[in-house]
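With this note's numbering applied, the sequence shown covers 113 to 183. The beta-carbon is built from N, C-alpha and C at its ideal position, and this holds for glycine as well. The model shown is predicted, which means the values in this text are computed figures rather than measured ones. To keep things clear, I will list the structure first and then write my remarks on it.
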Amino acid sequence: MKNIMIELTPEQANKLDMYLIMTTNYRQGELKVWKELAETEGEKYPAAKGNYNFWCEMNSFLDGFMEGLRP
């Protein structure tokens, strides 16, 4: 795997952190909806479990990423 380094100014890091904070409710909403669909309508929506797993991983990744943006 290739590592990619991105340098941000403190202002850029702050703006990115703020954007991620502002979109937290959206990501949590997606996670909730896909979890409910996977549990209750999994046969009707076969992709629901995969989408739920995607949002679990994405939220976990972004939570960790946000911690790295803060001093």
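I'd like to know whether the C-beta atoms of residue i and residue j end up nearer to each other than 8 Å.
i	j	result
Y164	L143	yes
K147	G154	no
M178	R139	no
Nearest-angstrom Cα distance between residue i and residue j?
i	j	result
T152	I118	41 Å
L132	I116	20 Å
A150	F166	12 Å
D175	C168	11 Å
Looking at the secondary structure, which residues open and close the alpha helix (DSSP H) in which residue i lies?
i	result
R139	136 to 152
N165	160 to 181
Would you mind working out which of the options sits nearest residue i, comparing C-alpha positions?
i	options	result
G173	K127, E123, T136	First, the amino acid is wrong: residue 173 is Phe here, not Gly. Selected option, being the one with the closest Cα: T136.
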